[in-house]
Ligand SMILES: Nc1ncnc2c1ncn2[C@@H]1O[C@H](COP(=O)(O)OP(=O)(O)O)[C@@H](O)[C@H]1O
Ligand SMILES: Nc1ncnc2c1ncn2[C@@H]1O[C@H](COP(=O)(O)OP(=O)(O)O)[C@@H](O)[C@H]1O
Ligand SMILES: [Mg+2]
Ligand SMILES: [Mg+2]
Ligand SMILES: [Mg+2]
Ligand SMILES: [Mg+2]
Ligand SMILES: [Mg+2]
């Protein structure tokens with residue numbers, strides 16, 4: 111075999127690789143006339159090639175043993191591609207409408223071949239910056255999260271299946287550690303990697319590092335992240351890991367997947383929608399004040415949680431006499447008890463969601479990796495204003511999350527900060 | 111090799127095994143004159159042989175692929191011996207004063223050779239039934255728990271070490287499932303295995319199965335047990351897993367070990383002391399009303415938690431600039447913050463301890479496996495009275511654990527139920 115040991119591919123060697131790989135060459139009917147290959151990786155970590163021929167197409171994603179946007183000075187196991195492939199297949203099996211199909215995986219090469227999400231698919235974050243409404247977004251994302259999280263939890267699985275899967279994903283520890291560092295640690299200490307819109311936010315960044323209550327709360331969330339194997343989470347579910355059209359919603363890039371707290375995924379998605387909301391004022395102008403768009407974003411945030419709640423508890427009801435071992439039917443088979451059990455579970459999950467969502471927001475404002483929503487606002491003082499409002503809300507959510515009873519109250523808090 | 115595949119040993123084949131095993135034969139200087147072997151397994155699961163020669167001694171524990179006290183009809187992996195050996199070595203390394211040394215482990219034979227805890231060592235439970243005071247018990251057990259739990263948690267370990275160890279102990283899933291069933295499930299449903307002092311406790315057993323709040327709370331504890339990898343816990347730390355003399359305290363039998371919630375161990379130990387307390391009235395008589403002994407038990411319970419708290423937080427303080435990744439020094443390095451962080455952590459741990467302790471008490475009264483503390487009370491109506499008081503307290507602890515602020519309040523509640 112031509113590729114019996116790892117090597118980084120480029121546009122040329124990729125063709126040789128495809129020719130040697132039936133599961134890929136068959137996708138383009140083995141015909142290489144008019145084949146076009148383009149590297150498009152705009153993500154932070156990996157290389158992504160789009161392969162389009164008249165007869166078909168696919169995407170090749172390869173992990174190199176370091177973090178792409180930083181370089182070889184920050185090594186990172188290429189085994190992440192393995193966990194990404196396993197998660198894509200697992201989540202894809204549970205929710206095929208919203209996960210691209212995997213055609214091929216090569217562990218030696220840390221390489222995944224998957225469906226090309228053809229235009230007009232774009233990265234959701236870019237759509238949000240452009241002010242495009244996606245009427246099915248909340249519906250689709252709540253469906254994706256409800257199904258992937260429910261079916262990989264002990265609400266559906268036996269302990270035997272659960273512990274086997276937990277053990278396997280313990281292997282993705284390097285990626286977990288990266289999250290621990292950039293989400294739960296660096297923003298709360300002096301770190302060479304941190305940055306923010308300076309000098310505007312200098313005092314805000316200081317305040318984050320000096321806020322004892324905030325640090326107390328973020329420690330609790332970090333413990334949950336490190337210790338609680340609740341479900342197979344995506345692990346990086348921001349708006350840059352979702353590709354969309356008007357009708358289609360596709361979740362990509364689960365290389366951070368492991369058994370962790372469900373609220374980390376739901377919070378990542380909702381937290382990034384909240385960032386998109388606070389960035390809108392920086393995109394307003396030329397006769398578009400983004401007011402209507404902001405209303406749509408608020409509705410989408412509210413709908414995402416409420417639909418998730420509805421779909422998740424519906425799956426629970428449907429499967430309450432199934433093989434899940436958390437709540438045995440012989441014990442929890444009365445409607446009143448089933449109701450209070452679900453209410454308690456969903457309440458904790460809601461508070462986890464707000465806490466993790468807030469932590470993900472904070473790190474995007476004062477940590478190493480920022481979001482295009484804010485970065486694309488050219489005027490620094492306007493950007494800083496947007497970021498400060500998002501930061502203020504995030505701190506409130508993180509510290510007072512247990513006081514929030516519904517997503518409606520979060521929306522109210524957002525409006526209040528905004529005004 | 112004579113024992114290249116698994117076979118259950120008996121007194122005779124054990125001699126051949128010892129002769130073929132240098133790490134064992136050397137313990138008795140290879141001299142077999144006057145060698146005595148006695149099977150003493152009074153535990154529920156395994157076979158234990160005491161091997162004593164003039165020149166030395168040891169104990170051999172062998173796991174068979176079923177549960178001893180039930181028989182071959184309840185299969186149970188003999189791989190539990192592997193996890194017991196790993197836990198004995200790990201905990202023994204952290205706290206050698208209170209864990210018997212392992213001389214030999216044979217995975218094929220599911221067989222452990224370890225130090226013989228020679229007389230006057232007896233099982234603590236038997237000492238408690240006999241009304242014997244152990245003045246160092248709280249000191250020793252708090253030391254054992256503080257060291258084993260602290261050093262295997264993220265307060266001391268890196269995430270990398272933690273996830274590797276968690277993954278390995280996921281393999282002990284069959285034993286975890288046994289706990290899930292007999293502690294968290296069976297007592298709350300109709301099960302062929304359940305029993306209780308009938309007819310006296312018939313209504314009490316019904317009440318457990320019909321108590322929605324109790325079932326709601328026990329579900330939360332079960333989730334923690336299944337999902338939260340906080341430290342390498344012993345997993346079966348009742349008073350039958352501790353051997354004592356006046357001066358020595360030795361913890362045996364960690365075959366249920368895995369990465370779980372710390373409160374499960376602390377609760378098991380304290381819960382079983384509480385059972386011992388409520389059993390005392392059944393042992394009173396012949397001029398000994400056990401009043402003084404009950405006072406000692408209450409003091410021991412109080413001291414166990416308070417000393418644990420003190421030792422655990424002292425280890426934390428000592429190691430706060432170490433390699434533990436839960437609370438990085440660069441973030442948590444101020445005394446005020448360190449204090450509130452510890453208070454929060456210890457408060458949650460206290461409530462976990464009460465909850466798990468209560469669950470362990472309940473299962474010993476209405477579940478499959480009872481305790482000799484009660485079983486040795488011959489008069490059924492007296493026994494039932496003792497058990498009912500213990501059950502009443504346990505239900506309060508489980509449901510209202512978050513209202514308890516100190517162990518002193520638990521002692522008060524015990525006195526109140528008792529009077
Ligand atoms: N299946 C796909 N179809 C189309 N474009 C894709 C696909 N997968 C990735 N991309 C493009 O490549 C970019 C980087 O991919 P991603 O999986 O997020 O990599 P990284 O792990 O480096 O962030 C995405 O933002 C998207 O533009
Ligand atoms: N190291 C030892 N020294 C002396 N006696 C022991 C030792 N280990 C076990 N025993 C005796 O064997 C009994 C059963 O051992 P244990 O490890 O609790 O087995 P099981 O897993 O079957 O409960 C103990 O109650 C104790 O009496
Ligand atoms: Mg990406
Ligand atoms: Mg990625
Ligand atoms: Mg035992
Ligand atoms: Mg037990
Ligand atoms: Mg045992």
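Protein chains in written order, with the working numbering: chain A, 111 to 529; chain B, 111 to 529. Every residue, glycine too, gets a C-beta built ideally from N, C-alpha and C.
Next item on the list: Could you tell me if the beta carbon of residue 151 (chain A) falls within a distance shorter than 6 Å of some heavy atom in ligand 1?
Entry: yes
Checklist line | C-alpha distance - residue 282 (chain A) paired with residue 366 (chain A), whole-angstrom precision | finding: 7 Å
Item checked: Cβ-based burial, residue 115 (chain B) [other Cβ within 10 Å; buried from 16] -> exposed
Margin query: Using DSSP's beta-bridge definition, name the partner residues of residue 185 (chain B).
Written below: B:176
Item checked: Between the CA atoms of residue 410 (chain A) and residue 417 (chain A) - distance to the nearest angstrom -> 10 Å
Item checked: Check: residue 363 (chain A) C-beta below 6 Å from any heavy atom of ligand 4 -> yes
Margin query: Measuring only the C-alpha atoms, how far is residue 230 (chain A) from residue 355 (chain A)?
Written below: 6 Å
Item checked: C-alpha gap between residue 472 (chain A) and residue 464 (chain A), whole angstroms -> 12 Å
Next item on the list: Starting from the Cα of residue 413 (chain A), find the closest Cα among A:380, A:444 and A:234 and give me that residue.
Entry: A:380
Note to self: When you compare the CB positions of residue 264 (chain B) and residue 280 (chain A), do they come within less than 7 Å of one another, or not?
What the structure shows: no
Next item on the list: Can you give me the start and stop residues for the beta strand (DSSP E) that residue 159 (chain A) sits inside?
Entry: 157 to 163
Margin query: If I measure Cβ to Cβ from residue 339 (chain B) and keep anything under 6 Å in the same chain, skipping five residues before and after, which residues do I get?
Written below: 276 and 369
Note to self: Nearest by alpha-carbon distance to residue 512 (chain A): which of A:262, A:288, A:459 and A:436 is it?
What the structure shows: A:459
Notebook entry, point to check: Rounded to a whole number of angstroms, what is the C-alpha to C-alpha distance between residue 128 (chain A) and residue 196 (chain A)?
Noted result: 21 Å
Notebook entry, point to check: Three-state secondary structure (DSSP) at residue 332 (chain B)?
Noted result: helix
Next item on the list: Select from B:344, B:310, B:133 and B:161 the residue whose C-alpha is nearest the C-alpha of residue 123 (chain B).
Entry: B:161
Checklist line | Candidates A:154, A:175 and A:140, of which the one nearest residue 165 (chain A) by Cα | finding: A:140
Checklist line | Neighbourhood of residue 515 (chain B) by C-beta, 7 Å cutoff - its chain only, sequence neighbours within 5 removed | finding: none
Check: Quick one: what's residue 223 (chain A) bridged to in DSSP?
Finding: A:170 and A:214
Item checked: Inter-residue CB distance, residue 235 (chain A) and residue 350 (chain A) (contact presumed, cutoff 8 Å) -> 5 Å
Item checked: Any 3 or more C-beta pairs closer than 8 Å across the segment 302 to 316 of chain B and the segment 420 to 437 of chain A -> no
Item checked: Members of the segment 324 to 345 of chain B that neighbour chain A once the beta carbon cut-off is set at 8 Å -> 325, 326, 329, 330, 332, 333, 336, 337, 338, 339 and 340
Notebook entry, point to check: Helix, strand or coil for residue 277 (chain B) per DSSP?
Noted result: helix
Note to self: To the nearest angstrom, how far is the alpha carbon of residue 375 (chain A) from that of residue 470 (chain A)?
What the structure shows: 10 Å
Next item on the list: Measuring only between beta-carbons, confirm whether residue 188 (chain A) sits less than 7 Å from chain B.
Entry: no
Margin query: Please report the straight-line C-alpha distance between residue 108 (chain A) and residue 384 (chain B), rounded to a whole angstrom.
Written below: Residue numbering for chain A in the displayed model covers 111 to 529; residue 108 (chain A) lies beyond these limits and cannot be assessed.
Checklist line | Under 7 Å by beta carbon: chain A residues contacting residue 446 (chain B) | finding: 322
Note to self: Using C-beta distances below 8 Å, list every residue in its chain close to residue 357 (chain B), excluding the 5 sequence neighbours before and after it, in chain order.
What the structure shows: 246
Notebook entry, point to check: Name the DSSP beta bridge partners of residue 338 (chain A), please?
Noted result: B:338
Check: When every heavy atom of ligand 7 is checked, does at least one fall within less than 6 Å of the C-beta of residue 155 (chain B)?
Finding: yes
Notebook entry, point to check: Is the Cβ-Cβ distance between residue 292 (chain A) and residue 477 (chain A) less than 7 Å?
Noted result: yes
Note to self: Let me check you understand the geometry: is the CB of residue 158 (chain B) closer than 6 Å to at least one non-hydrogen atom of ligand 2?
What the structure shows: yes
Margin query: Against residue 298 (chain A), what residues of chain B qualify as contacts under a CB-to-CB distance less than 8 Å, listed in chain order?
Written below: 441
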